[in-house]
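If you read the sequence shown in my numbering, its first letter stands for residue 4, the second for the next number, and so on. Note that CB positions come from ideal geometry on N, CA and C, so glycine has one too. Since the structure is predicted, the reported quantities are computational estimates derived from the model, not experimental observations.
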Amino acid sequence: MHLSRVDLNLFVVFVAVYTEGSVTRAAQQLNLTQPAISHALKRLRDLFQDPLFIRQGQSMVSTPLARNLIEPVRQALRGLELSMQEHARFDPATANKQCHLALRDVLESTILPPLLHQLTQQAPHIQLQAIQVERRELVAELAAGTLDLAIDMLLPLSGEIRRQRILQDKTVILLRQGHPAIQGQISLEQYLQAEHILASSRRHGPGLEDLELSRLGLQRKIRLRCQHYYAACRVVSQTDLLLTMPEAYARIANEQFGHQMLHLPLAMPTWDVYLYWHQNVDQDPANLWLRELVINAVIPVTQPEAD
């Protein structure tokens, strides 16, 4: 007998009939009709190939098999009930679990510090694993529960994945203090005359700013293509190259370098960042709490520091 073929509601009826010793009283306890209880009993008898209860006068007397089954069934139902109650009253202050968050490395420095600040205050026993997952694997991992949440750009994912935009970031330019040609502001002509760094984890393909330039029939000069913005910031400090990047991460990375941070002289769409989760945890208390924590952690990221 495979459990997947068994209606667990039958065991609720079994316990009620055993406890009440009467189909009528079991029906009243469960707020069901007597025919519904009788039908459930027939299915149980067929399942176990045993009468389970025998009528004697006004009472239903249990068989030896029923007496052997009652305590294991009661314990199993009680354990399930307790698990559901624990799930419904998720308390981050006492919860002891590990959460898994997928995000790109550029977002780690932006989101993780404020997120961990809140996490340690609200949930001292919850651990967080921030990992990078191939985008083609996101749906499967979110569905399987090996990922609780993912943070990424707008992705064409299936309808079972829920999303919420959590960040809209502008584009800025970093260049070293004392740059020989540019100080304080930059024109589109100066931008095109300069040489640039393109930071991308991909081996080929244009950056977002290159796509916008190409729409205008323009092209910039890429001197260096590298994988990480931090490495690019270091290159900026020792060259006259320009680095175009999202503003939120630029503010963080630039704390160490003190580069000029200038507005891009080009109309650009914002860098939109989304929070993703699977529909099967849409109302899960733990996932709801974690989503709220992430959203609150992003709020200070979106607010520029005062000059």
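C-beta atoms of residue i and residue j nearer than 8 angstroms
i	j	result
M63	V26	yes
T66	H103	no
I129	K100	yes
L244	L269	no
L115	A133	yes
I169	L110	no
Q121	N283	no
L13	A43	yes
C229	A253	no
E250	V175	yes
E212	T247	yes
I225	H199	yes
Buried versus exposed, by CB contacts within 10 Å (16 or more), residue i
i	result
N366	Because residue 366 is not part of the residues shown, which for the chain are 4 to 310, the question remains open.
E137	exposed
P272	exposed
L214	exposed
D310	Since pLDDT at D310 reaches only 34, below the 50 mark, its modelled position is unreliable, and the value read off the structure follows with that caveat. Per the 10 Å Cβ criterion, exposed.
A184	exposed
A147	exposed
G210	buried
A105	buried
A96	exposed
L11	exposed
T36	exposed
A197	buried
T113	buried
R205	exposed
L216	buried
R223	buried
Beta-carbon proximity list for residue i, same chain, < 7 angstroms, skipping 5 on both sides
i	result
E23	A29 and Q32
L221	L195
D285	R165
E308	Unreliable placement is indicated for E308, whose pLDDT of 46 sits below 50; the coordinate value is still reported in the next sentence. Around E308: R254.
L68	F51, D53 and L55
Bounding residues of the beta strand (DSSP E) (the contiguous stretch that carries residue i)
i	result
T247	L245 to P249
D172	I164 to D172
K224	K224 to C229
E198	E198 to A202
Q130	Q130 to I134
Chain-order list of residues whose beta-carbon lies under 8 angstroms from that of residue i (same chain, five-residue window excluded)
i	result
S240	R179, F260 and H262
G187	Q263 and L265
V9	L50
Neighbour flag for residue i against chain C, beta carbons, 8 angstroms
i	result
R46	The structure shown contains no chain C, having only a single protein chain.
Range covered by the alpha helix (DSSP H) that runs through residue i
i	result
V15	N12 to E23
Cβ-based neighbour list, residue i, same chain, cut-off 6 angstroms, excluding 5 preceding and 5 following
i	result
S190	P268
Heavy atom of the ligand MG within 7 angstroms of residue i beta-carbon
i	result
A147	The ligand MG is absent from the structure shown, which contains no ligand whatsoever.
Margin query: Under 8 angstroms, with one C-beta from each stretch per pair, do the segment 270-280 and the segment 225-236 reach the 3-pair mark?
Written below: no
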